[in-house]
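Numbering (this note's numbering), first residue to last: 94 to 297.
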């Protein structure tokens with residue numbers, strides 16, 4: 094029960110910040126296999142005041158040589174064998190999050206799970222920042238079904254090279270900016286209108 098309450102509170106925090114805060118980082122992981130600890134690439138996009146101010150993409154050597162998803166993202170063991178493992182990559186990337194108020198991902202449960210699993214495997218504490226999900230925000234803002242990344246990008250005319258982590262992260266950042274601008278233009282008093290209950294959202 095305590096964990097459910099904590100997760101609900103963090104989700105509410107992310108919902109509030111998604112419309113009000115002005116500094117966030119969008120991220121996207123690609124994985125080598127079905128394990129959440131198998132990140133093989135990551136893209137991060139930093140947004141301040143609804144403008145992209147920095148971007149970085151890194152390859153990561155996963156803990157296993159077997160790649161299941163090469164056909165999806167084009168990354169193979171040979172591409173990452175000489176790269177640092179997650180702990181080394183994250184040591185370089187963590188300062189990128191300094192001052193960020195929340196994180197954003199498209200289908201955030203996946204990327205949040207990868208980040209937590211990789212941090213746990215490396216003996217690191219994950220960032221203490223709430224996650225906003227642009228799948229949920231695209232559905233509630235633009236009433237999109239489906240709301241996968243290519244579909245939302247087509248709707249918003251955002252360029253995308255799907256499963257390139259830098260491109261996916263940038264697309265996610267631009268979706269979040271579009272969502273924020275839409276709610277400002279509507280002039281609605283925030284979350285009562287913007288954040289329907291999870292029960293209503295699941296039934297939509």
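In this text, a Cβ means the ideal position worked out from N, Cα and C, and glycines have one as well.
Since the structure is predicted, the reported quantities are computational estimates derived from the model, not experimental observations.
Note the first and the last residue of the continuous beta strand (DSSP E) segment covering residue i.
| i | result |
| --- | --- |
| residue 136 | 132-141 |
| residue 93 | This structure cannot speak to residue 93, because the chain is shown only from 94 to 297. |
| residue 123 | 116-124 |
When you measure from the CB of residue i to every non-hydrogen atom of the ligand NAP, does any distance come out below 7 Å?
| i | result |
| --- | --- |
| residue 209 | Within the structure as shown, the ligand NAP is missing, as the structure has no ligands at all. |
So, with DSSP's three-state summary, where would you put residue i?
| i | result |
| --- | --- |
| residue 179 | helix |
| residue 155 | coil |
| residue 277 | helix |
| residue 111 | helix |
| residue 129 | coil |
Can you tell me where the alpha helix (DSSP H) holding residue i begins and where it ends?
| i | result |
| --- | --- |
| residue 173 | 170-173 |
| residue 164 | 163-166 |
Report the residue from the options whose alpha carbon sits nearest the alpha carbon of residue i.
| i | options | result |
| --- | --- | --- |
| residue 142 | 158, 163, 117 and 261 | 117 |
| residue 268 | 229, 279, 194 and 167 | 229 |
| residue 144 | 254, 217, 271 and 245 | 271 |
| residue 137 | 222, 173 and 187 | 187 |
| residue 191 | 134, 156 and 222 | 222 |
| residue 129 | 189, 112, 206 and 235 | 206 |
| residue 174 | 257, 133 and 218 | 133 |
For residue i, collect the residues of the same chain with a Cβ closer than 6 Å to its Cβ; drop the 5 residues on either side in sequence, then sort them by chain order.
| i | result |
| --- | --- |
| residue 158 | 170 |
| residue 147 | 139 |
| residue 240 | 228, 231 and 232 |
| residue 151 | 135 and 182 |
Using C-beta distances below 7 Å, list every residue in its chain close to residue i, excluding the 5 sequence neighbours before and after it, in chain order.
| i | result |
| --- | --- |
| residue 265 | 119, 121, 197, 198, 199 and 227 |
Among residues of its own chain, excluding the 5 on either side of residue i, which ones have a beta-carbon nearer than 8 Å to its beta-carbon?
| i | result |
| --- | --- |
| residue 243 | 253 and 255 |
Q: At 3 residues or longer, and completely inside the region 190-265: list those beta strand (DSSP E) runs for me, N to C.
A: 195-198 and 224-226
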